[in-house]
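To start, the structure itself, in structure tokens.
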Amino acid sequence: VKRPSIQDAVDVGVDVVRADAVGTKLDALLEGMTLKDANMKRFIGKIVKMQRSAGIGNYNKYLAANFMFMIVLLGIEADMAGLFLSASTYWAYDNEILRFFLFFFIASFILPLIFRTYMTMEDSNATPPPNDRNDARPQLNRNASAHDKFMHKLNTEVRPTNPHGGEMSIVHWCPGVRFYLITKPSYDMTDVDAIFKVNSLSSFTLGIYQIMGICFTYAMGYPFNIYVYFNIISQILNWSITICYYATPISKWMGAAANARTICRHYQGIMNAYAVDLSRSTTTAFATGHGQERQASMDIRCAGIKGAITQIIMDKFFADCDPALSDEATSILSKMRDQDVKEFVTILRNEAMSSLDMKGGL
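Mapped onto my numbering, the consecutive letters of the sequence shown carry residue numbers 2 to 363.
Below, the structure is given as structure tokens:
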């Protein structure tokens, strides 16, 4: 067995020293990365705190408003179903008043809706103003990349909605068909306004008749069957919705919630595109041929997105601040990592959503 020489011991000692030196450098590198991470988190936290102090970032009421939209749909269906189920019961009372108002309130419910739907169809046939025509929108270059086409599609999906409502179609008031609004890609303020108006009309026509039937049942001593009880429940639900529409801002929240959901999906689409670019950049790194050129192109695009985010953040939050502070913010943003992009896009999303809900008003 060969005994270790002095040179072997020296070599081992050198390796240990080198390992210690490399370990020290790695520790310093990790400490530097940890410091950069802490600075970025602190920077993002400050901006988020600024938004929260301004009431930006809390959108729980929109979640409740989305659920309320489904309750309104359920209430209208229950009101109509209650009338159809109990009509034979009240007709059997052989009371001329109930029989007359059955036809009267059904006509009072259907005719205004038919007139409003017809007027909406007539208005839609009118020529739109120049600013609303499709040819007035910016056209995309035919040779645009798939990324640019996707971004252009996102932009076409986000457009202002008419806050005045007024439009009405058969899907807003026809029983059963009305559930199309659940499968619709996104309902808007027009749908909310139309649904609440249909609910109000239903309460003041079909609902009044059911209340008359309930009162006649009690006054004349007739038994309360399951259909009468169903009428009682549906009227409590529908008149609660009607009161909310006229006495609370819930309908405004519901309209804003529809727009808020569209904006959220818009910014989610931006992050989806960015994530795909990162994935393809990694994939093309292993590709042969022109893989390196494609990877460089995607890296340039990702860097361009970070640069655009930096410019927007600086314009929104640091436009009028001290030059030294502005330089410090620019320096921090220049070190933006891929995982930081979603945080800044979330900040920009919250800024956009904060403009939806105007305080006060009717």
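Every residue gets a Cβ at the ideal spot worked out from N, C-alpha and C, and that includes glycine.
Closest Cα partner of residue i within the set the options
i	options	result
F231	G83, M213 and G58	G83
L349	Q312, F106 and D328	Q312
M221	S89, N96, A66 and T284	N96
A261	I57, T184 and N40	I57
T243	H173, W174, Y91 and V199	V199
C303	P324, F217, H148 and F319	H148
M315	N67, G305, S332 and F110	S332
V229	A320, T90 and R43	T90
D1	A248, I234 and E329	No answer is possible for residue 1: it lies beyond the span of the chain, which begins at 2 and ends at 363.
A195	S252, F104 and Y268	S252
S87	A29, I212, P113 and L155	I212
Span separating the alpha-carbon of residue i from that of residue j
i	j	result
Q52	F85	51 Å
D38	S298	27 Å
R160	V346	19 Å
K50	G270	25 Å
L326	K360	33 Å
Y246	F106	21 Å
H165	I264	20 Å
I306	R117	47 Å
D341	T285	23 Å
F318	S335	16 Å
F151	D278	12 Å
F197	A55	31 Å
F101	T157	51 Å
A330	D339	18 Å
Residue i (DSSP reduced to helix, strand or coil)
i	result
N239	helix
E168	coil
T249	coil
G270	helix
F318	helix
G58	coil
G76	helix
R338	coil
D192	helix
P131	Low per-residue confidence applies at P131: pLDDT is 45, beneath 50, and the placement is therefore not dependable enough to give any value.
L207	helix
F231	helix
Y223	coil
Interface flag, residue i vs chain C, CB-CB below 8 Å
i	result
F85	Here chain C cannot be found, since the structure has a single protein chain.
Does the pairing of the stretch 348-358 with the stretch 252-261 give three or more beta-carbon distances under 8 Å?
-> With a cut-off of 8 Å, the stretch 252-261 and the stretch 348-358 count as touching, because enough Cβ pairs lie within range.
Would you call the stretch 179-187 and the stretch 70-84 in contact, with 3 or more CB pairs under 8 Å?
-> yes
Cβ pair count under 8 Å reaching 3, the stretch 223-242 against the stretch 206-215 | yes
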